[in-house]
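Inspection log for the structure reproduced underneath, given as structure tokens.
So this is what it looks like as structure tokens:
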């Protein structure tokens, strides 16, 4: 296994999650055909360094075609950044649509609203391997209690820290968020050329663990009846904890307020920070940087000593389009692509973390650096509201704007969170 390619795919995931948006369409064509032979079209995401992924998929396809005589599988790898246009066209023109498709897990609700994904609740329930699916991963394919695909892989964030800096300063690994903030300021005071904990005002998924760890929520409710929770007392406590890290005593606002997740990892990898919140998908970039051999990773601590802050469960899913004329075959192929065997092989090839809890434990034993991310997943993760409104909220930068307003002193936490909640509720209301 070559680390230079193993984690490349999840770098694309970071971009995917940052730009996730569901296309608006006017068609929800459904096919009543269930042909047992013919060609199945599959769209998967083109990764950076795609060859290892393709090799795994080719093996799945060969086995599927052999088991289903008269069936051919045509796989096309599509760019992540132009997927919205391709998917919109597919939903509007079933003749050009694939039968099976990879999609970002924050896209689920929007695609369901647009009528593009097939309800596979019955088939998922009958699939023997499904019982071992991580609950949060399963949530990412669920809308209004119905399932619209199978989880493909997950990605989470944890705390990267400089072992050499901690040793030099006699610091212990933080076990609470308060200890994290204190360690960050100690590093900055002793080594002013470094950020203590590098943070970003535009790093939504690095900030949300602070909100969740303090008992806050992005939103409450279900599907069409979501209401923002970002203005609750608990959420405000988390917002305050995160925004307090933007200052000359840790990460100066002038430099850090505009940073996103990639910026913070780049700073850590370049040796400019004592700590950073990064994903399993950040591993390659850090290994390629100046801190190689001088860092370690642990779960991001929560409020109570020894607890783990809830992390956002990112990742991708595999779904069947409602317009398919090969329903049975398409569902079987979806299951093969998302199977335990395939996910294990994709971990070996690309570093994609499996969505099955038992498979994840196996890969953690194989690769020690995966352990803190598996621990984070096991401790319980969080997901965005299963509403098509999330795409609008995310693309409108509602949460980064809120953080930046507090960081700049333009608004206090109460006012900024109130305004963000109103924007979120407007989006939830317009989503219907």
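Residue numbers (the working numbering): 1 to 432.
In this text, a Cβ means the ideal position worked out from N, Cα and C, and glycines have one as well.
On a predicted model such as this, the values are computed, not experimentally measured, just so you know.
Check for me: the beta strand (DSSP E) holding residue i runs from which residue to which?
| i | result |
| --- | --- |
| residue 135 | No beta strand (DSSP E) contains residue 135, which is instead part of the alpha helix (DSSP H) from 135-139. |
| residue 150 | 150-155 |
| residue 102 | 100-104 |
| residue 406 | From DSSP, residue 406 is part of no beta strand (DSSP E) but of the alpha helix (DSSP H) over 398-408. |
With residue i and residue j assumed to form a contact (beta carbons below 8 Å), what rounded beta-carbon distance in angstroms separates them?
| i | j | result |
| --- | --- | --- |
| residue 399 | residue 414 | Wrong, their Cβ atoms sit about 16 Å apart, outside the cutoff. |
| residue 317 | residue 57 | Actually they do not touch by this definition, with Cβ atoms about 15 Å apart. |
| residue 372 | residue 299 | 5 Å |
| residue 70 | residue 37 | 4 Å |
| residue 269 | residue 297 | Not a contact, Cβ separation roughly 13 Å. |
Do you know how far the Cα of residue j is from the Cα of residue i?
| i | j | result |
| --- | --- | --- |
| residue 436 | residue 168 | It is not possible to answer for residue 436, since the shown part of the chain is limited to 1 through 432. |
| residue 427 | residue 72 | 42 Å |
| residue 313 | residue 377 | 8 Å |
| residue 410 | residue 229 | 22 Å |
| residue 205 | residue 184 | 19 Å |
| residue 194 | residue 405 | 25 Å |
| residue 132 | residue 160 | 29 Å |
| residue 220 | residue 293 | 43 Å |
| residue 364 | residue 55 | 23 Å |
| residue 256 | residue 323 | 46 Å |
| residue 171 | residue 343 | 38 Å |
| residue 23 | residue 107 | Here residue 23 scores only 41 on pLDDT, less than 50, and its place in the model is too uncertain to base an answer on. |
| residue 351 | residue 46 | 15 Å |
| residue 512 | residue 248 | With the chain covering 1 to 432 only, the question about residue 512 has no answer from this structure. |
| residue 139 | residue 191 | 43 Å |
| residue 422 | residue 114 | 25 Å |
| residue 103 | residue 267 | 30 Å |
Quick one: give me the first and last residue of the alpha helix (DSSP H) that residue i is part of.
| i | result |
| --- | --- |
| residue 203 | No alpha helix (DSSP H) contains residue 203, which DSSP labels as neither H nor E. |
| residue 167 | 163-169 |
| residue 110 | 108-113 |
Near residue i, which residues of its chain fall below 7 Å by C-beta distance, leaving aside the five closest residues on each side in sequence?
| i | result |
| --- | --- |
| residue 234 | 214, 215 and 216 |
| residue 259 | 200, 201, 202 and 203 |
| residue 79 | 46 |
| residue 61 | 73 and 75 |
In this structure, does DSSP put residue i in helix, strand or coil?
| i | result |
| --- | --- |
| residue 71 | strand |
| residue 127 | coil |
| residue 228 | strand |
| residue 352 | coil |
| residue 427 | helix |
| residue 301 | strand |
| residue 290 | coil |
| residue 41 | strand |
| residue 142 | strand |
| residue 258 | coil |
| residue 179 | helix |
| residue 35 | coil |
| residue 194 | coil |
| residue 159 | strand |
| residue 65 | helix |
| residue 186 | helix |
| residue 347 | helix |
| residue 214 | coil |
| residue 122 | helix |
Who are the Cβ neighbours of residue i in its own chain at under 6 Å, not counting the five residues just before and after it?
| i | result |
| --- | --- |
| residue 393 | 424 and 427 |
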